[in-house]
Each structure stands twice: as structure tokens, then as C-alpha cells.
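Novice: Take a look at the following structure, please.
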Amino acid sequence: MKILIPIKRVNDYNVKVRPNQANTDVDLSNVKMAVNPFCEIALEEAIRLKEGGKATEIIAVSVGDEKNQEQLRTALALGADRAILVKTDKVLQPLDVSKVLVKVYEKESPNLVIMGKVGIDGDHNQTGQMFSALTNLPQITFASKVELNGNAVEVTREIDGGLETLSSSLPAVITTDLRLNEPRYASLPNIMKAKRKPLEELTVEELGVEVKPTVTTLKVESPPEREEGIKVENVDDLVEKLKNEAKVI
Amino acid sequence: MTKILVLAEHDNNSLSGATLSVVKAAEMLGDEIDLICTTSNISNLEAEISTLSSVKKVHVFEDKIFENEIAENTVDCLIAVSDDYDYFLASSSTSGKNIMPRFAGLIDIQQISEVIEVVDGSTFKKPIYAGACIATVKTEQSRNVLTIRTTSFDKTSTDGGSAEFVKHDLPANNTNKPTFVKNELTVSDRPELTSADIVVSGGRGMQNSDNFKLLEGIATKLNAAIGASRAAVDSGFAPNDYQVGQTGKSVAPNLYVAVGISGAIQHLAGMKDSKTIVAINKDEEAPIFKVADYGLVADLFEALPELESKL
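Protein chains in written order, with the working numbering: chain B, 3 to 251; chain U, 4 to 314.
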């Protein structure tokens, strides 16, 4: 039982990202980078499956430049057994990343692929669904509970109306929502051990994926600021303002 | 001629309000707008869809497999009718997010998610970094898949249309897919969160799920929907479908009342387009006051009962 976990390098979620001076992109210079929180949740789920004796190997894979090694080392420190970095200096879009992951999937033949539902940088929420489409694997998005029983998985999903449960045979693709689990922190001994775990490097070209920059960013701006309002003294004041000034009640 | 296909979202009983906003966005791209409706019962939806003035044709796939939504089933139908279209649109609901990227992947198109503004036929604005920045993106593709953040668009006219309903047979595919087991949908007499005129939301400051019920009296008096911050949902005060914010729902009501919500950027991303925002919080430094039109610094356990009695 082998699990593949794609890992995305993004800004630390505590950092407020701003546009650069020229408004051509965001300014990530001096911004602390981290594993995308949803990918961390995916990895944590795999680690728990392994600890529960239901999985044997966890492979973390990242697509991007050399710096992605940092996030893969974090994944190894958290509990992945080995890592693959598919290198490129280009900025890849979700469709490109899905195609790269398909190649890695074909190479590794995992029984389960668990990935974050969205990167907190681009907010696309696409890669898992595209990957599932291109591999023709059952697609289960936005998981808040995963139960693995032999060669089948039952997953509870968070949907707009509440919760929904789907079941699927394996292999399958699951994307994680926030409440699936609370990821652990890496311990110091595990961080040391992670340095000796295998990290294989491939390139996007080697895998034969043609990267197409089909959607380009023209401009990045701060959203329009809301004007700061007023403080009201008490509940009477609030009710009066809502009735007579804002006229919303 | 530019042709646009919109995914009709519904619960097999009524059309989602989100679809009306998606059609509005479609009108900015061209005037040949068709719908695709995969449903277990088209007769429940036909009258409502017929009110949409700008819709020309409705592709209907009717079968009991559409009683519950399996992305693979819907996408197989989208593929079957996709040849003639230049744009494919759905809302950025959990349903649109589940279905559209899968479809985009199969037809080799890079999707543009969460569109908040149509600048022109190839240029769109969308939030990135949880709404901390707005990106203007340009597509070089001749065909495009978009999901629409519906709170950024008005609703299309429902004065009556003359859409032609075209029934299709189910496509025969060998798509691997999951099977439906069950759902636990929240049943409520209140207005739906994303379309309510007034939303009353509670955060971590509510302290527990019993206290969270303090919002109900106010919501009833105002005919409001009830929402929650991520912290409140994570702590189990409210169900997941109450969550407003980056990973929950985007809302833009006339009045948004945030109670005991500090105002993390992820929460603001889902509600700052509301017309009037009220914040009730005992911490006067809480970031929520920066976006609030009316801020009340108070202990919510005193303010809420008083507010309920004075409405």
C-alpha cells in the first residue's frame, strides 16, 4: 500500500502577501516559505494510515525549482519515506502540474494519491481534479474523514449543503479539506534523520511534459480598501444607525 | 459567434441562485448562452429555467444517477456537448469546484478560478492569496473554463425566456468513479447563507455550541442566515456548511453581523463585499473593526440579548 503525496511550496500562511512595487506580481522576497497547509494535512493523513498499519510507503513529490527541496525535507521529517523533486525553473499552472504528476504516478503506481484541495497562493483548487481526470482515477474532493478498508476507501466530504460520504475502490484520488486532521510538527531527531532519506531529482523535460503558459498574469493589486466605519456607544445606538442611517433593518 | 455553456446548479428541486449570477457573468462574454442540466427530474426545474431571459438552449441529461452529484457523471455529459462552445462557466460553489477542473483537464484547458470581474473576453480578475491580492489574468486559449465568484455579479433577468430544451442520452463511458453512500445535509427554515439579505455570524468568542444558539433569536427576528468563522466550526460550535471565508462560503449580504469574530484575513475574504458590516467584539483591537461600518465594543453575552430585545 503505497501513498503518493504531492507537496506545494507556498508562503507561510501567517504572512500577509502584498503586490510588488511595479504591480506585476506578488512580492515574495523575504517571505518565509512553507509546505502548503492543505498538503500538510494530506501528508498527515498518510502518516496516520501508515502508523495504523494500513499503508507501507509514503512518497512525497514536489514540482518546481531547487528550493522545493526544503519542503520535501520537511515532508521527510514529518514521516514521508522518500521524496521526488521534479525540477523546472518555469512557473507551472495547475494543468501543467497535473500532467507532471500523471508521469510520476505512472512511474510509481501508488494505490492512493492524497493531495491538498487548494494552494493558498494561487487559490486555484484544480490540480487534484485535473489529475484525477487525466489518470481516470475516481475523484473524491474536500475530504474531512478518510476510512481505508482493504482495497476500498470511504470518504466524507465537506459540501455546501453539509456533508456527503462517497466510497471508492483503489487506486483513487482524494483532496483534503481543513478539518481532516491536525498535522503534527516535525521533531528535531526526525529533522536530522530526514537529511539521510532519499530525495530523487528529475526534470519536467525528462518526464516529457510540455509546459504551456496559457494564462499569464498582467497585474497584481491590493483589493480596494473598505473605509473604516465608526464605533457605536451601545446597542441602542447600533439599532438606530442600522434603521435610520444604513437602512438595512 | 461566441458560444457559452453554463452549468445549471440545483438540488433536483430548484435552481441555485448561484446559476443566475453565473448567467449574468456569461452575458458579459457573448449572447449565445446555453445551459447544461444534469438531473434526476427535469420537470421540477423546467419552469424555473424557462424564466431566464438570456438562455437560448438547455442541454438536458435526465437519469436517476443524477440524484446525487458525482463529478465524473456530470463531466461525461459536459464533454458530450462541449464541441461547439468557447466558454464553459459554473459558480465557484463546492459543486463547481468539484466538476469544472476535471472537465478542463479532460479538454486540456487551463481553468481560471473564482472570477470576480470580466474585463474583456480574455481578461479576468480573480483574488489570490486568500483575497490579499487581486490578479488580472489574460488567457491565450481560444476556449476557456471559468468558475465565477457569484457574490461579485448581479443576478440575470428572470422575466421569462424561450429556451429550447434538448434531451440527450447518457454518454457511454468507462470512467472510474466513486459511489454515493449517504449525505447529512443541514436542514434549516432560514434563508440560504449565500443568498440571504442578512447574515449573522459567530466566531470563537461564542465559546461553545450552546452559546452559539444566542445568535438564533436575532437571526429569526431579522430573517437572517447564520454563519460562522472557521475557528467556530473547527471548535465544533457550528456545522461545516456555516463557514464563511476563504475555505468556506463567500457571502455579500446587505447586512453582515460578525459576533465574537476577530477578523482573520481568511474570514474577511468571504464577507468583505457585504454592503453593511457590523462587528460586536470585546477586543477593540480586533481586525474585524477595520472593515466594519459599525463597531460595538462590548461583551457579546450582554449585547446579544439586548440586541434581540430591541429589534
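C-beta: ideal position from N, C-alpha, C; glycine also. Quick caveat, the model's predicted, so the values are computed rather than measured.
1) Can you pull out the residues from the stretch 78 to 96 of chain B whose beta carbon lies closer than 9 Å to at least one beta carbon of chain U?
2) Taking the beta carbon of GLN23 of chain B as the centre, do at least 16 other beta carbons fall within 10 Å, making it buried, or is it exposed?
3) Check whether the Cβ atoms of ILE142 of chain B and VAL175 of chain B sit closer than 8 Å, and answer yes or no.
4) Using 8 Å as the threshold, is the C-beta distance between LEU282 of chain U and ILE291 of chain U below it?
5) Going along chain B, which residues have a C-beta under 8 Å from LEU258 of chain U?
6) Taking the alpha carbon of CYS80 of chain U as the reference point, which residue from U:ASN284, U:PHE64 and U:LEU92 has its own alpha carbon closest?
7) Kindly list the residues whose CB is nearer than 6 Å to the CB of VAL58 of chain U, restricted to its own chain and excluding five residues on each side of it in sequence; keep chain order.
8) Excluding the 5 residues flanking ARG75 of chain B on each side, which residues of the same chain have their C-beta closer than 6 Å to its C-beta?
9) Give me the residue from U:GLU120, U:LYS313 and U:PHE106 with the minimum Cα distance to VAL1 of chain U.
10) If we count the other Cβ atoms within 10 Å of its Cβ and call it buried at 16 or more, is PRO21 of chain B buried or exposed?
11) Compare the C-beta of LEU168 of chain B with all C-beta atoms of chain U and state if any pair is closer than 8 Å.
12) Let me know if GLY205 of chain U comes out buried or exposed under the rule of 16 or more other beta-carbons within 10 Å of its beta-carbon.
13) With which residues is ASN147 of chain U paired in a DSSP beta bridge?
14) Can you confirm whether ILE193 of chain B, when its beta carbon is compared against all beta carbons of chain U, has any partner nearer than 8 Å?
15) Taking PRO21 of chain B as the query, report the chain U residues whose CB atoms sit under 7 Å from its CB, ordered along the chain.
16) If you compare alpha carbons, which of B:VAL157, B:LEU201, B:GLY130 and B:ILE232 is closest to GLY108 of chain U?
17) Closest to ALA135 of chain B by C-alpha separation, out of U:PRO130, U:VAL247 and U:ASN176, would be which residue?
18) With a threshold of 7 Å on Cβ separation, who are the neighbours of SER98 of chain U within its own chain once the five nearest residues in sequence on each side are excluded?
19) Using a Cβ cut-off of 7 Å, pull out every chain B residue sitting near ILE268 of chain U, in sequence order please.
20) GLN131 of chain B lies in the alpha helix (DSSP H); which residues open and close that run?
21) Nearest-angstrom Cα distance between LYS109 of chain B and ASP237 of chain U?
22) Run through chain B and tell me which residues come within less than 9 Å of SER98 of chain U, C-beta to C-beta.
23) Under 8 Å by Cβ, that's how I've got PHE240 of chain U and ALA231 of chain U pegged, so tell me the actual separation to the nearest angstrom.
24) Quick one: is ARG228 of chain B near chain U, going by C-beta distance under 8 Å?
25) Run through DSSP, which three-state label would GLN95 of chain B get?
26) Among the residues of its own chain, which have a CB less than 8 Å from the CB of LYS69 of chain B, if the five just before and after it don't count?
27) Please list, in chain order, the residues of the stretch 86 to 119 of chain U that have any C-beta partner in chain B closer than 9 Å.
28) What are the boundary residues of the alpha helix (DSSP H) that ASP2 of chain U is part of?
29) Is the stretch 96 to 103 of chain B in contact with the stretch 208 to 215 of chain B, if contact means three or more CB pairs nearer than 8 Å?
Specialist: On the basis of the supplied data:
1) Here the close residues are GLN95 and PRO96.
2) Under the 10 Å beta carbon count, GLN23 of chain B is surrounded by fewer than 16 other beta carbons and is classified as exposed.
3) In terms of Cβ geometry, ILE142 of chain B and VAL175 of chain B form a close pair [threshold 8 Å].
4) The identity of residue 282 of chain U in the sequence shown is Ala, whereas the question assumes Leu. In contact: ALA282 of chain U and ILE291 of chain U (Cβ atoms closer than 8 Å).
5) For LEU258 of chain U, the residues of chain B that pass the 8 Å Cβ criterion are LEU244, ALA248, VAL250 and ILE251, in the order they occur in the chain.
6) With distances taken between Cα atoms, CYS80 of chain U lies closest to U:PHE64.
7) Hits under 6 Å: ILE36, LEU38, GLY164 and ALA166.
8) Correct list, in chain order: ALA196.
9) There is simply no residue 1 of chain U to check, as chain U begins at 4 and stops at 314 in what is shown.
10) Buried, since its Cβ has 16 or more Cβ neighbours within 10 Å.
11) Judged by the 8 Å Cβ criterion, LEU168 of chain B is in contact with chain U.
12) Buried: at least 16 other Cβ atoms inside 10 Å.
13) In DSSP, ASN147 of chain U forms a bridge with U:TYR90.
14) Chain U contact via Cβ: absent.
15) Ordered by position in chain U, the residues that pass the 7 Å Cβ test against PRO21 of chain B are CYS136.
16) The residue with the shortest Cα to Cα distance from GLY108 of chain U is B:GLY130.
17) Of U:PRO130, U:VAL247 and U:ASN176, the residue nearest in Cα terms is U:ASN176.
18) Excluding sequence neighbours, SER98 of chain U sits near GLU12 and GLU72.
19) For ILE268 of chain U, the chain B residues whose C-beta falls within less than 7 Å of its own C-beta are LYS18, listed in chain order.
20) Looking at the DSSP string, the run of the alpha helix (DSSP H) that includes GLN131 of chain B is 129 to 137.
21) Computed Cα separation, rounded: 38 Å.
22) Chain B residues near SER98 of chain U: ILE161 and ASP162.
23) With 8 Å as the limit, PHE240 of chain U and ALA231 of chain U qualify as a contact, their Cβ atoms being about 7 Å apart.
24) Contacts with chain U at 8 Å (Cβ-Cβ) include ARG228 of chain B.
25) In the three-state scheme derived from DSSP, where H, G and I count as helix and E and B as strand, GLN95 of chain B is classed as coil.
26) For LYS69 of chain B, same chain residues with a beta-carbon under 8 Å away, outside a window of 5 residues either side, are ARG11 and MET35 in chain order.
27) In summary, the residues of the stretch 86 to 119 of chain U whose CB is separated from some CB of chain B by less than 9 Å are SER95, SER96, THR97, SER98, LYS100, ASN101, ILE102, MET103, PRO104, ARG105, PHE106, ALA107, GLY108, LEU109, ASP111, ILE112, GLN113, GLN114, ILE115, SER116 and GLU117, in the order they occur in the chain.
28) Residue 2 of chain U lies beyond the residue range present for chain U, which begins at 4 and ends at 314; the question has no answer from this structure.
29) Contact holds: three or more Cβ-Cβ distances are below 8 Å.
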